[in-house]
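Q: Here it is, the structure, as structure tokens.
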Amino acid sequence: MSSVRSAKTIASVTVLTMLLAACNRAPPPAPAASAPPVSAPAQAPAPAPASTVLTDVAESDPRYVVGISYPPQANRYPGLAKALGDYAGAARAGLMQAVEGLGSEKPPAPYELSLAFEMVAETPEVVSVAADGGRYTGGAHGEPLVARFTWLPRHEAMLTTQAMLPSPEGLQAVSSYVREQLHTSLSLRADGEDMAPEERARMLQSGTSMIDAGTGPEAANFSQFQPVMNADGKIAAVRFVFPPYQVGSYADGTQTVDVPAQVLGPYLAPAYADLFLR
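Sequence positions in the sequence shown follow mature numbering (1 follows the signal peptide of the UniProt record, and there is no 0) and run -32 to -1, 1 to 246.
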């Protein structure tokens, strides 16, 4: 039995030695031609998201009326078209929420959404759209809808106040300039009214307070603007737009102030400075 175990041990060692020697030898050369490896079937690419196509809306019901119009050119710029569509969609959703709140009742006057988008600038560098309208859901008067969109085709992005004027100093410069212009306009309106001195003083005090509150050096106060282009396609000024209640009463309507490019120049973000008149 001992000799059998010894023979088995010697055989095992011999086989192990042969295997180790085989492992240490260089691998044999690959065949000259071999079948290509089998790969998993390629997955079909995910479909691109559908682009927004803006079409005018005219819709009526005994309880509400909707009218929305777009400039056809806006569809040339998918990012801009989506922003316009999103804004109109949110305005319509607000109207329909109010309509749903009526239940089966019919309002004395139909609720209404009226919104018009207008192309105010279109160059290879700058495209701007103005949105003006209102939403009526009862009460003495409707809610003004005022918005501005400035699209930069080569950047494929919307120009915002934060991007255009990134520093607090820039916002302060705009705030100071706009306040001065609005104060002057208020004073001229007061001078044109036939009122007693005390009434004029109250008008000036109330108007000044609203202007100062609505033009503090914060980006949110200057979020609505449109470029004023010159003949060479440069931005000569930025027209900041203030809806009713921001810097005046509802009766004062939407107010605007043009801030020249020279005032903005020192504070413009370098990425956008070339868009402006120097």
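Cβ atoms here follow ideal geometry from the backbone N, Cα and C, with glycine treated the same way.
(1) Cβ of Leu52 within 8 Å of Cβ of Leu22?
(2) Give the secondary structure of Asp220 by DSSP, where H, G and I count as helix, E and B as strand, and everything else as coil.
(3) Is it the case that the Cβ atoms of Leu139 and Ala158 are separated by a distance below 8 Å?
(4) Under three-state DSSP, which class holds Met163?
(5) Could you tell me whether the segment 170 to 185 touches the segment 69 to 87, using the rule of 3 or more Cβ pairs below 8 Å?
(6) Go to Arg60, then tell me how far its alpha helix (DSSP H) extends in each direction, as first and last residue.
(7) Could you give the distance in angstroms between the alpha-carbon of Gln214 and the alpha-carbon of Ala199?
(8) If you follow the alpha helix (DSSP H) that Gln230 is part of, which residue opens it and which one closes it?
(9) Need the endpoints of the alpha helix (DSSP H) that Thr118 sits in, please.
(10) In terms of residues, what are the limits of the beta strand (DSSP E) holding Ala84?
(11) Do Phe210 and Val142 come within 8 Å of each other at the CB atom, strictly closer than that value?
(12) Who are the near neighbours of Ile203 in its chain, counting only those whose CB is closer than 8 Å to its CB and skipping five residues on each side?
(13) Quick one: residues in its chain with C-beta nearer than 7 Å to the C-beta of Tyr235, no 5 flanking neighbours on either side, listed in chain order?
(14) Which residues does DSSP list as the beta-bridge partners of Ala205?
(15) Taking DSSP as the reference, what is the three-state secondary structure of residue 259?
(16) Starting from Ala98, follow the beta strand (DSSP E) in both directions and report where the run begins and ends.
(17) Using 8 Å for Cβ pairs, my map puts Leu63 next to Tyr32. What's the rounded Cβ distance?
(18) What's the gap between the Cα of Tyr79 and the Cα of Gln130?
(19) Apply the 10 Å Cβ neighbour rule to Leu232 and answer buried if 16 or more other Cβ atoms are within range, or exposed otherwise.
(20) Do Pro212 and Pro112 have their beta-carbon atoms positioned less than 8 Å apart in this structure?
(21) Is DSSP giving Ser28 helix, strand or coil here?
(22) If you reduce the DSSP assignment to three classes, tell me which class Ser135 lands in.
(23) Can you give me the Cβ contacts of residue 247 inside the same chain, cut-off strictly under 7 Å, excluding the 5 residues immediately before and after it?
A: Reading off the structure:
(1) Start at 1 with the first residue of the sequence shown, and residue 52 comes out as number 84. Start at 1 with the first residue of the sequence shown, and residue 22 comes out as number 54. It is a contact, given that the beta carbons lie within the stated cut-off.
(2) In the sequence shown, residue 220 corresponds to position 252, counting from 1. Annotated three-state conformation of Asp220 is helix, per DSSP.
(3) Translated into the one-based positions of the sequence shown, residue 139 becomes position 171. Translated into the one-based positions of the sequence shown, residue 158 becomes position 190. For Leu139 and Ala158, no; Cβs fall outside 8 Å.
(4) Taking the first residue of the sequence shown as position 1, residue 163 is located at position 195. Correct three-state label for Met163: coil.
(5) no
(6) Against the sequence shown, residue 60 aligns to sequence position 92. Segment Pro46 to Glu68, the alpha helix (DSSP H) holding Arg60.
(7) Position 246 of the sequence shown holds residue 214. Position 231 of the sequence shown holds residue 199. Straight through space, the alpha carbons of Ala199 and Gln214 are spaced by roughly 32 Å.
(8) In the sequence shown, residue 230 corresponds to position 262, counting from 1. Residues Ala229 to Leu232.
(9) The count along the sequence shown starts at 1 and reaches residue 118 at position 150. No alpha helix (DSSP H) contains Thr118, which is instead part of the beta strand (DSSP E) from Glu111 to Leu120.
(10) On the sequence shown, residue 84 is found 116 positions in, with the first residue counted as 1. In the DSSP assignment, Ala84 falls within the beta strand (DSSP E) that extends over Tyr79 to Glu90.
(11) Translated into positions along the sequence shown, residue 142 becomes position 174. Translated into positions along the sequence shown, residue 210 becomes position 242. Going by C-beta atoms, Val142 is not nearer than 8 Å to Phe210.
(12) For the purposes of this step, residue 203 is identified with residue 235 of the sequence shown, where counting begins at 1. Counting only Cβ-Cβ distances below 8 Å, and skipping sequence neighbours, we find Val94, Pro195, Val196, Met197, Ala229, Leu243, Phe244 and Leu245.
(13) Numbered from 1 along the sequence shown, position 267 holds the residue referred to as residue 235. Cβ neighbours of Tyr235 beyond the five flanking positions: Leu133, Ser135, Glu137, Gly138 and Ala141.
(14) Against the sequence shown, residue 205 aligns to sequence position 237. Looking at the DSSP assignment, Ala205 forms a beta bridge with Val196 and Pro228.
(15) Nothing in the structure corresponds to residue 259, since the chain is present only between -32 and 246.
(16) Residue mapping note: residue 98 aligns to position 130 of the sequence shown, counting from 1. Per DSSP, Ala98 belongs to the beta strand (DSSP E) from Val95 to Tyr104.
(17) Taking the first residue of the sequence shown as 1, we reach residue 63 at position 95. Taking the first residue of the sequence shown as 1, we reach residue 32 at position 64. Yes, they are in contact, since the Cβ atoms of Leu63 and Tyr32 sit about 6 Å apart, within 8 Å.
(18) In the sequence shown, the residue the question calls residue 79 occupies position 111. In the sequence shown, the residue the question calls residue 130 occupies position 162. So the alpha carbons of these two residues sit roughly 35 Å apart.
(19) Translated into the one-based positions of the sequence shown, residue 232 becomes position 264. So Leu232 ends up on the buried side.
(20) Stepping through the sequence shown from its first residue, residue 112 is reached at position 144. Stepping through the sequence shown from its first residue, residue 212 is reached at position 244. Closer than 8 Å, so yes.
(21) By one-based count along the sequence shown, residue 28 stands at place 60. Looking at Ser28 - three-state DSSP - the assignment turns out to be strand.
(22) The count along the sequence shown starts at 1 and reaches residue 135 at position 167. If DSSP states are grouped into helix, strand and coil, Ser135 belongs with coil.
(23) Summary: the structure shown does not reach residue 247, with the chain confined to residues -32 through 246, and so no result is reported for it.
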